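This report refers to the structure that appears directly beneath it.
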Amino acid sequence: MEQQKRYGHFDDQHREYVITDPQTPWPWINYLGNEDFFSLISNTAGGYSFYKDAKFRRITRYRYNNVPMDNGGRYFYIKDGDTVWNPGWKPCKTPLDFYECRHGMSYTRITGRKDGVEASVLFFVPLKKWCEVQKLTLKNESSAVKKLKLFSFEEWCLWNAATDMENFQRNFSTGEVEIEGSTIYHKTEYRERRNHYAFYHVNAPIQGYDTDRETFVGLYNEFANPDAVMEGKPRNSHAHGWSPIASHYIEVELKPGESKDFVFLLGYIENEQDEKFEAPQVINKKKAHALISELDTTEKVDKAFAELNALWDNLLNIYKVRTGNDKLDRMVNIWNQYQCMVTFNFSRSASFFESGVGRGMGFRDSNQDLVGFVHQIPPRARQRIIDIASTQFPDGGCYHQYQPLTKRGNNDIGGGFNDDPCWLIFGTVAYIKETGDFSILDEMVPFDNQPGSEVTLFEHLKISMDHVIKNLGPHMLPLIGRADWNDCLNLNCFSWDPNESFQTTENVSEGTKAESLMIAGLFVVTGKDYVALCKKTGKDDEAARMQKAVDAMIDAVKKHGWDGEWYLRAYDFYGRKIGSNENDEAKIFIESQGWCTMAEIGAEDGLVAKSLDSCKKYLECEHGMVLNNPAFSKYIYEYGEISSYPEGYKENAGIFCHNNPWVIIGECLAGRGNDAWSHYAKILPSYVEEKYQTLHKVEPYVNCQMVAGKDAFKPGEGKNSWLTGTAAWMWYTVSEFILGIKPDYDGIRIDPCLPETATDYTVQRKFRDADYEITIHPNGAQKGVKKVVLDGSPIEGTVIPYSAGKHVVEVTM
Ligand code: BGC
Ligand code: NOJ
0 MEQQKRYGHF DDQHREYVIT DPQTPWPWIN YLGNEDFFSL ISNTAGGYSF YKDAKFRRIT
60 RYRYNNVPMD NGGRYFYIKD GDTVWNPGWK PCKTPLDFYE CRHGMSYTRI TGRKDGVEAS
120 VLFFVPLKKW CEVQKLTLKN ESSAVKKLKL FSFEEWCLWN AATDMENFQR NFSTGEVEIE
180 GSTIYHKTEY RERRNHYAFY HVNAPIQGYD TDRETFVGLY NEFANPDAVM EGKPRNSHAH
240 GWSPIASHYI EVELKPGESK DFVFLLGYIE NEQDEKFEAP QVINKKKAHA LISELDTTEK
300 VDKAFAELNA LWDNLLNIYK VRTGNDKLDR MVNIWNQYQC MVTFNFSRSA SFFESGVGRG
360 MGFRDSNQDL VGFVHQIPPR ARQRIIDIAS TQFPDGGCYH QYQPLTKRGN NDIGGGFNDD
420 PCWLIFGTVA YIKETGDFSI LDEMVPFDNQ PGSEVTLFEH LKISMDHVIK NLGPHMLPLI
480 GRADWNDCLN LNCFSWDPNE SFQTTENVSE GTKAESLMIA GLFVVTGKDY VALCKKTGKD
540 DEAARMQKAV DAMIDAVKKH GWDGEWYLRA YDFYGRKIGS NENDEAKIFI ESQGWCTMAE
600 IGAEDGLVAK SLDSCKKYLE CEHGMVLNNP AFSKYIYEYG EISSYPEGYK ENAGIFCHNN
660 PWVIIGECLA GRGNDAWSHY AKILPSYVEE KYQTLHKVEP YVNCQMVAGK DAFKPGEGKN
720 SWLTGTAAWM WYTVSEFILG IKPDYDGIRI DPCLPETATD YTVQRKFRDA DYEITIHPNG
780 AQKGVKKVVL DGSPIEGTVI PYSAGKHVVE VTM
């Protein structure tokens with residue numbers, strides 16, 4: 000193993016990851032914003048902002064896949080004599096005397112020092128406000144007076160991030176700005192159908208500005224050497240078309256030891272239709288003035304920052320573990336929960352691997368994401384469930400994605416992913432177990448957002464189950480449709496045309512025999528949940544009806560879904576086995592092992608144990624479990640996108656971190672704590688951080704979607720960080736199945752599954768109106784709770800009955 004260079008470290012006390020070298024192996028980013036206004040920010044201040052929807056309401060421009068990487072951001076240029084530098088090193092890349100980036104909970108602080116000047120910028124989005132604050136502190140640490148020239152820089156995106164990148168014949172003529180004092184307004188298309196504008200403000204007098212990019216930068220220059228900055232002279236340009244930007248110019252004089260704060264504000268405003276203008280062609284700035292006045296001093300900004308920190312104190316106080324193992328505690332208590340909030344907010348829309356224009360909120364993705372988030376802000380999870388269900392079709396099928404701004408199903412993708420409906424049950428059950436709020440089942444929810452089509456949410460759950468039952472194939476297993484969880488197993492979408500997408504090409508449903516064992520397992524797991532929910536709500540007939548369907552599915556899996564050493568993956572269009580020892584390649588897949596072991600299908604006959612052993616034998620490697628083995632070495636027309644990837648990447652035998660937890664839960668249910676833990680630790684970011692910063696490449700504080708598998712050129716290299724269902728699944732796995740604190744309808748079920756080396760640990764868990772302090776004494780056991788003592792008295796069974804107030808629980812294994 001090559002010596003691994005380190006680029007940073009965890010600071011648990013401040014809940015931060017501290018990056019100490021700007022030249023990380025890939026931009027290491029963070030997310031700002033909790034609800035409507037969001038930003039992505041890299042460790043060199045690259046990235047962009049948007050309001051609600053990264054496609055339809057992009058506020059600042061960013062260039063994906065550019066040279067250099069990570070191009071565009073909020074840049075501060077400091078000209079000190081002949082030297083020009085940036086606190087975040089980029090874009091000038093002037094060597095700094097000191098550099099540090101601290102990514103924290105919804106904020107980032109970047110500090111640079113050069114020639115006796117320190118520039119520190121705190122970036123965050125205040126709660127309930129539509130703006131990004133950039134508090135810049137300049138400090139003279141030298142013994143001479145410093146005369147600095149400061150230039151800020153933002154580049155406006157013309158709102159729709161997709162057309163912004165393609166419709167130049169129009170775009171180069173529409174750009175419009177206004178300048179008023181220290182505020183630069185971006186109002187492109189405001190004259191016609193838009194009722195929103197953006198602004199960039201600083202709370203200090205400015206000595207100049209620029210709003211036209213070419214004038215500021217110079218047509219043949221780069222962000223690294225803009226003409227205006229290099230000469231130290233703003234042009235006071237007024238953009239008409241082309242590419243509008245916002246740059247303030249400020250002359251700063253600092254005595255030795257003196258420091259000054261500047262509050263920059265990137266804001267977004269919406270006006271009522273009849274209040275758009277204050278004079279012909281002049282935008283109504285009332286709301287902008289109001290927003291600015293709420294954040295125009297250091298004190299006000301510090302207060303807003305304290306409120307944000309308090310929010311995170313509260314959110315992270317809901318579930319807290321003390322195991323004494325820092326690497327575990329920091330992931331459980333800080334970073335995993337943080338990533339869950341981010342995936343809940345963004346689904347798979349905007350990251351440094353997701354351009355923000357292609358994919359809105361996934362139906363299956365969001366249902367999984369909310370399981371990682373529901374304990375934090377249950378009302379938002381509730382709303383999300385309703386939004387998602389509103390994009391379902393009357394037959395139980397669903398739009399695969401919807402746009403967060405409009406909440407409408409995305410027609411470019413459509414539906415036909417046959418696992419989608421089941422996830423609605425997964426999400427809803429998690430919500431009710433956390434909150435005890437059964438009333439959500441009675442909410443009236445439309446189909447495809449059509450007013451008048453409303454039925455109860457419970458009806459939606461019912462037709463979701465029925466959608467599976469009504470779409471069974473020749474082996475009585477679920478028909479796969481376009482794909483199941485694995486978007487790339489396209490068994491009915493035959494394509495020889497490189498110009499079409501694998502997912503949206505024709506779905507040949509006529510005569511198909513393509514069935515999915517992944518959906519079969521998912522159906523059994525969610526079916527059992529559905530049956531329990533029906534019983535709980537007095538719907539005994541419906542419970543009995545569905546129990547029959549679940550039993551039939553279990554039989555079908557045992558009869559047609561077992562390959563001898565593991566569960567089959569699928570049957571193809573022609574009814575041939577996939578994921579079988581009979582196949583030349585991809586003999587075994589992880590998804591069906593995960594779901595069928597979670598469903599415990601055939602456990603009594605040893606199927607579960609055999610399947611889990613096969614995962615260890617064939618799928619596991621140093622960096623986790625690969626998706627399939629051996630990898631496909633050639634394209635198979637009948638299988639689709641999965642076989643399009645080179646060996647070891649993505650769905651073709653990459654370590655798709657998302658599905659590793661499924662097997663880990665299977666291990667936990669089977670009581671195999673040592674195995675569960677060893678699989679878990681392999682993909683736990685803090686363990687990876689310690690070993691492989693260079694190899695892993697992407698952010699060491701969060702999970703990524705995929706790590707190159709054992710068949711890849713460089714096993715262990717990570718990609719697609721941040722926005723992945725891995726976050727929610729890692730959380731669900733560790734909080735409920737490993738540490739064993741599981742919300743249930745009537746209380747908290749205690750059922751840990753631990754490595755035999757585990758020592759005593761304590762979980763503080765807020766649950767509805769109760770506060771539990773639960774201490775577990777494993778005594779070397781991997782599984783099996785012997786005794787639960789609640790507030791001094793032993794209880795029957797392992798469910799702590801819910802009652803409000805403070806409780807102390809002692810658990811002996
Ligand atoms: C990726 C999948 C993804 C799909 C969605 C594929 O190229 O490999 O992970 O879900 O695109 O569009
Ligand atoms: C990413 C998608 O967002 C998710 O929905 C899918 O399950 C995985 N890729 C696997 O294909």
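FYI, in numbering that gives the first Met the number 0 the residues of the sequence shown are 0 to 812.
Each residue gets a CB set at the ideal place from its N, CA and C atoms; glycine is no exception.
Note that the structure is a prediction, hence the values are computed from the model and not measured.
1) Starting from the C-beta of residue 832, find all residues in its chain whose C-beta is less than 6 Å away, skip the five residues before and the five after it, and write them out in chain order.
2) Tell me where the alpha helix (DSSP H) around residue 704 begins and ends.
3) Could you work out which residue in 26, 789 and 755 is closest to residue 771 when comparing CA atoms only?
4) To which residues does DSSP link residue 650 through a beta bridge?
5) Does any heavy atom of the ligand NOJ sit closer than 7 Å to the C-beta of residue 158?
6) With residue 427 as the anchor, note down where its alpha helix (DSSP H) starts and where it stops.
7) Are at least three pairs of beta-carbons, each pair with one atom in the segment 195-212 and one in the segment 168-181, less than 8 Å apart?
8) Three-state secondary structure (DSSP) at residue 0?
9) What number of angstroms, rounded off, separates the C-alpha of residue 706 from the C-alpha of residue 687?
10) Go to residue 209, then tell me how far its beta strand (DSSP E) extends in each direction, as first and last residue.
11) Beta-carbon of residue 369 versus every beta-carbon of chain B: anything under 8 Å?
12) Alpha carbon to alpha carbon, how far is residue 378 from residue 338?
13) Mind checking which residues open and close the beta strand (DSSP E) that includes residue 39?
14) Report yes if the CB atom of residue 365 is closer than 8 Å to the CB atom of residue 348, and no otherwise.
15) Any residues whose CB sits closer than 6 Å to a heavy atom of the ligand NOJ? List them in chain order?
16) Sorry if obvious, but does the Cβ on residue 817 come closer than 7 Å to a heavy atom of the ligand BGC?
17) Residue 86 and residue 109 - do their beta-carbons sit closer together than 8 Å?
18) Judging by CA-CA distance, which residue of 262, 522, 304 and 171 is the nearest neighbour of residue 241?
19) Per the contact definition of three or more C-beta pairs closer than 8 Å, is the segment 244-255 in contact with the segment 146-154?
20) Measuring only the C-alpha atoms, how far is residue 289 from residue 661?
21) Just to check, is the beta-carbon of residue 367 closer than 7 Å to a non-hydrogen atom of the ligand BGC?
22) Just curious, the beta strand (DSSP E) that residue 276 is in, first and last residue?
23) To the nearest angstrom, how far is the alpha carbon of residue 0 from that of residue 693?
24) Residue 50 and residue 23: beta carbons closer than 8 Å?
25) Do residue 502 and the ligand BGC come close, with the Cβ less than 7 Å from some heavy atom?
26) Please say whether residue 672 and residue 781 have beta carbons closer to each other than 8 Å?
27) Considering only their Cβ atoms, is the gap separating residue 614 from residue 667 smaller than 8 Å?
28) With a Cβ-Cβ cutoff of 8 Å, do residue 442 and residue 434 count as a contact?
29) Is residue 809 near the ligand BGC - that is, is its Cβ less than 7 Å away from at least one heavy atom of it?
30) Note down the Cα distance separating residue 810 from residue 361, rounded to an integer number of angstroms.
31) Would you mind sorting residue 296 into buried or exposed? The rule is 16 or more other CB atoms within 10 Å of its CB.
32) List in chain order: all unbroken alpha helix (DSSP H) runs of 4+ residues lying wholly within the segment 570-625.
33) Measure from the alpha carbon of residue 558 to the alpha carbon of each residue in 381, 544, 527 and 600, then state which is nearest.
34) Distance check for residue 322 and residue 802, CA to CA, integer angstroms please.
35) Would you call residue 41 buried or exposed, if buried means 16 or more other Cβ atoms sit within 10 Å of its Cβ?
36) Taking the alpha-carbon of residue 695 as reference, which of 622, 190, 642 and 747 has the nearest alpha-carbon?
Reading off the structure:
1) Here the chain comprises residues numbered 0 to 812, so residue 832 is not present and cannot be evaluated.
2) Here the question's residue 704 lines up with position 705 in the sequence shown. No alpha helix (DSSP H) holds residue 704; the beta strand (DSSP E) holding it covers 703-706.
3) Residue 771 sits at position 772 when you count from the first residue of the sequence shown. Comparing Cα positions, the closest option is 789.
4) Residue numbering aside, residue 650 sits at position 651 when the sequence shown is read from its first letter. Per DSSP, none; premise fails for residue 650.
5) Residue 158 sits at position 159 when you count from the first residue of the sequence shown. Not so, every heavy atom of the ligand NOJ lies at least 7 Å from the Cβ.
6) Position 428 of the sequence shown, counted from the start, is the residue given in the question as residue 427. Per DSSP, residue 427 belongs to the alpha helix (DSSP H) from 419-434.
7) yes
8) Locating residue 0 in the sequence shown gives position 1, where the first residue counts as 1. Note on residue 0: pLDDT 49, under 50, position unreliable in the model; no value is reported.
9) Taking the sequence shown and counting its residues from 1, the one referred to as residue 706 is at position 707. Taking the sequence shown and counting its residues from 1, the one referred to as residue 687 is at position 688. C-alpha separation (whole angstroms): 11 Å.
10) For the purposes of this step, residue 209 is identified with residue 210 of the sequence shown, where counting begins at 1. Here the beta strand (DSSP E) through residue 209 covers 207-211.
11) Structure shown: chain B not included; a single protein chain is present.
12) As a position in the sequence shown, residue 378 is number 379, starting the count at 1. As a position in the sequence shown, residue 338 is number 339, starting the count at 1. About 19 Å.
13) As a working note, residue 39 is residue 40 in the sequence shown. Taken as a continuous stretch (DSSP letters only), the beta strand (DSSP E) holding residue 39 covers 36-41.
14) Counting from one through the sequence shown, the residue named residue 365 turns up at place 366. Counting from one through the sequence shown, the residue named residue 348 turns up at place 349. Result no, Cβ atoms of residue 365 and residue 348 do not sit closer than 8 Å.
15) 347, 361, 363, 364, 484, 485, 486, 487 and 650
16) For the chain, the structure presents residues 0 to 812; residue 817 sits outside this window and is missing.
17) For the purposes of this step, residue 109 is taken as residue 110 along the sequence shown, with counting starting at 1. For the purposes of this step, residue 86 is taken as residue 87 along the sequence shown, with counting starting at 1. For residue 109 and residue 86, yes; Cβs fall inside 8 Å.
18) Stepping through the sequence shown from its first residue, residue 241 is reached at position 242. Of the listed residues, the one whose Cα sits closest to residue 241 is 171.
19) yes
20) As a position in the sequence shown, residue 289 is number 290, starting the count at 1. As a position in the sequence shown, residue 661 is number 662, starting the count at 1. Roughly 49 Å between the two C-alpha positions.
21) Here residue 367 refers to the residue found at position 368 of the sequence shown. Flag unset: Cβ of residue 367 not near the ligand BGC.
22) Working through the sequence shown from its first residue, we reach residue 276 at position 277. Run containing residue 276: 276-278, per the beta strand (DSSP E) assignment.
23) For the purposes of this step, residue 0 is taken as the residue at position 1 of the sequence shown. For the purposes of this step, residue 693 is taken as the residue at position 694 of the sequence shown. Confidence at residue 0 is low in this model, with a pLDDT of 49, below 50, so its placement is unreliable and no value can be given for it.
24) Here the question's residue 50 lines up with position 51 in the sequence shown. Here the question's residue 23 lines up with position 24 in the sequence shown. Contact: no.
25) The residue you call residue 502 lines up with position 503 of the sequence shown. Indeed, a heavy atom of the ligand BGC lies less than 7 Å from the Cβ.
26) Residue mapping note: residue 781 aligns to position 782 of the sequence shown, counting from 1. Residue mapping note: residue 672 aligns to position 673 of the sequence shown, counting from 1. Contact: yes.
27) Stepping through the sequence shown from its first residue, residue 667 is reached at position 668. Stepping through the sequence shown from its first residue, residue 614 is reached at position 615. It is not a contact, given that the beta carbons lie outside the stated cut-off.
28) Residue 442 sits at position 443 when you count from the first residue of the sequence shown. Residue 434 sits at position 435 when you count from the first residue of the sequence shown. No, Cβ-Cβ distance for residue 442 and residue 434 is not below 8 Å.
29) For the purposes of this step, residue 809 is taken as residue 810 along the sequence shown, with counting starting at 1. No.
30) Within the sequence shown, the letter at position 811 stands for residue 810. Within the sequence shown, the letter at position 362 stands for residue 361. Between residue 810 and residue 361, the C-alpha separation is close to 39 Å.
31) Locating residue 296 in the sequence shown gives position 297, where the first residue counts as 1. Per the 10 Å Cβ criterion, exposed.
32) 589-597 and 606-613
33) Locating residue 558 in the sequence shown gives position 559, where the first residue counts as 1. Closest option to residue 558, Cα to Cα, is 600.
34) Taking the first residue of the sequence shown as 1, we reach residue 802 at position 803. Taking the first residue of the sequence shown as 1, we reach residue 322 at position 323. So the two alpha carbons sit approximately 26 Å from each other.
35) Within the sequence shown, residue 41 is the residue found at index 42, counting from 1. Residue 41 is buried by the Cβ-count criterion.
36) As a working mapping, residue 695 is identified with position 696 in the sequence shown. For residue 695, the nearest C-alpha among the options comes from 622.
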